[in-house]
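Going line by line, the protein sequences match chains X and Z.
Numbering follows the working numbering, in which position 140 of the first sequence is assigned residue number 1273; successive positions increment by one, without gaps.
Numbering follows the working numbering, in which position 163 of the second sequence is assigned residue number 1296; successive positions increment by one, without gaps.
Ideal placement from N, C-alpha and C gives every residue a C-beta, glycine not left out.
All figures in this text were calculated on a predicted structure; none of them were measured in a lab.
Working notes, beginning with the structure itself.
There are 2 protein chains.
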Amino acid sequence: MHYKQLQKISGAANDARSGDRAKGGRELHALGRHLLVELHGCHPDTLKKVDVVKDILVGAARACGATIVDVAFHEFNPFGVSGVVVIAESHLSIHTWPEYRYAAVDIFTCGDVIKPERAVSYVASRFRCKAPSVVEMKRGLIPGMTGKLPHKVAIDEKLGEAVADAAQELSLVH
Amino acid sequence: MHYKQLQKISGAANDARSGDRAKGGRELHALGRHLLVELHGCHPDTLKKVDVVKDILVGAARACGATIVDVAFHEFNPFGVSGVVVIAESHLSIHTWPEYRYAAVDIFTCGDVIKPERAVSYVASRFRCKAPSVVEMKRGLIPGMTGKLPHKVAIDEKLGEAVADAAQELSLVH
């Protein structure tokens, strides 16, 4: 797997060479991790049908331990599926181009519990992509923020599953 | 606005300095543009309520000329909204942290018609963010692909709007 880690720090705090420490010694903590996954060379049959693509992205959300809140998938004629799995810890999205054997997948997570790398491995395997390429962006770098980050944990209304989580700090309103 | 353009090219074709031309002279054409927008210093009242955040992201989709296919938004207790607008040309997503006056917005578009920069200006204005920071990633760089890129244009079932587009090449199945 080709993996690149980039940092997204806005304004004067931008110093990609300094890790999570900005100029002047202030520590920066990211609210989220955003993995941009390029899947080239996929099996085209896996990219065409909305039910298959939805099953794979929902499976990826489960594989990384996410709490599914909502799903929205659409298939287009003659080619392609677009879809999103909203999770309590942010979202997974996908857009497929079967004609190019290509899918663009995003995995945006917050909190320490979720392991987005597992979702990458899962989608690469299901789409039969041998060489997934991943860029990681840090999102929401807040100067001076310390300690464990809260993440949204929810009751999955749509799928009718009650989700229990001992670390629950937030609950779904709508 | 702080704007940075990065390129996402997988494997051996990766050469960010060479523009859209990979090593060896092959031309690369991206299927999509992906803008990662960091909004710090927002007015917290604009980040708290699902109806407000949904209205802003749907407005952003319209501002850039996108065709809305689906929306999925959720509000969490005590803080935060997550939501996605699936568009025929890919998607817009948002996650808000009112306690940090911060929102992470993604605008993923394909095709030449959509102007995602307009969506960036729109969300920054509505959230009262004075200094949005944007990183652009090219998604789906396909060696040798030439000509105008097809994009998905759809009938918006959910909102009951029939969308006409002379450049229509794809239509919604599900």
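Spatial neighbours of residue i in its chain, beta-carbon cut-off 7 Å, leaving aside the 5 residues before and after
i               : result
V1218 (chain Z) : L1190, V1191, A1194, I1201, V1204, H1224 and L1225
V1185 (chain Z) : T1179
P1249 (chain X) : R1166, L1168, C1197, I1240 and T1242
P1177 (chain X) : P1231 and R1234
A1163 (chain X) : K1271, R1272, G1273 and L1274
R1261 (chain Z) : C1175, H1176 and T1179
K1263 (chain Z) : G1174
N1210 (chain Z) : none
CB contact check: residue i to chain Z, cutoff 9 Å
i               : result
F1209 (chain X) : yes
G1198 (chain X) : no
C1243 (chain X) : yes
I1189 (chain X) : no
V1219 (chain X) : yes
A1287 (chain X) : Because A1287 (chain X) sits at a pLDDT of 45, beneath the cut-off of 50, its placement in the model cannot be relied upon, and the following sentence gives the value as read from the coordinates. Yes, A1287 (chain X) lies at the interface with chain Z (some Cβ there is under 9 Å from its Cβ).
L1348 (chain X) : Since the displayed chain X opens at 1134 and closes at 1307, residue 1348 (chain X) lies outside it and no answer follows.
V1246 (chain X) : no
R1195 (chain X) : no
Where residue i meets chain X, residues with beta-carbon distance less than 7 Å
i               : result
D1203 (chain Z) : A1205 and H1207
Partners in chain Z for residue i, counting only beta-carbon separations shorter than 7 Å
i               : result
S1258 (chain X) : Per Cβ cutoff of 7 Å: no residues; S1258 (chain X) is ~17 Å from chain Z at best.
Proximity test, residue i beta-carbon vs the ligand GTP heavy atom, cut-off 8 Å
i               : result
G1213 (chain X) : Annotation note on the ligand GTP: not contained in the displayed structure, which lists no ligands.
Span of the alpha helix (DSSP H), counted from its first residue to its last, around residue i
i               : result
G1192 (chain X) : V1183 to A1196
E1250 (chain Z) : P1249 to R1259
Cβ of residue i within 9 Å of any chain X Cβ
i               : result
S1226 (chain Z) : yes
A1176 (chain Z) : It should be pointed out that residue 1176 (chain Z) corresponds to His in this sequence rather than to Ala. Cβ-Cβ to chain X under 9 Å: no for H1176 (chain Z).
E1171 (chain Z) : yes
G1216 (chain Z) : yes
V1185 (chain Z) : no
P1249 (chain Z) : no
Within chain Z, partners of residue i - CB distance below 8 Å
i               : result
S1254 (chain X) : Correct list: empty, because the minimum Cβ distance to chain Z is about 16 Å.
Bounding residues of the beta strand (DSSP E) (the contiguous stretch that carries residue i)
i               : result
Y1235 (chain Z) : Y1235 to C1243
G1213 (chain X) : Where G1213 (chain X) is concerned, there is no enclosing beta strand (DSSP E), given that its DSSP letter is neither H nor E.
K1263 (chain X) : Here K1263 (chain X) belongs to no beta strand (DSSP E), and DSSP marks it neither H nor E.
H1228 (chain X) : S1223 to W1230
Cβ neighbours of residue i in the same chain (closer than 6 Å, five flanking residues each side left out)
i               : result
A1237 (chain X) : H1228
D1199 (chain Z) : For the sequence presented, residue 1199 (chain Z) should be read as Ala rather than Asp. Answer for A1199 (chain Z): I1220, E1222 and I1247, listed in chain order.
S1266 (chain Z) : H1135 and E1171
D1188 (chain Z) : none
R1251 (chain X) : A1196 and C1197
F1212 (chain X) : P1231 and E1232
F1206 (chain Z) : V1183, K1187 and G1216
Close Cβ partners of residue i (< 8 Å) along its chain, the five nearest in sequence each way excluded
i               : result
K1182 (chain Z) : E1208 and V1214
G1157 (chain X) : Only weak support exists for where G1157 (chain X) lies, its pLDDT of 49 falling under 50; the coordinates are left without a value.
Partners in chain X for residue i, counting only beta-carbon separations shorter than 9 Å
i               : result
H1167 (chain Z) : L1169, A1237 and D1239
Interface residues of chain Z facing residue i [CB-CB closer than 9 Å]
i               : result
Y1233 (chain X) : L1164, G1273, I1275 and M1278
* Asked: Do three or more CB pairs link the stretch 1257-1271 of chain Z to the stretch 1168-1176 of chain Z at distances below 8 Å?
  -> yes
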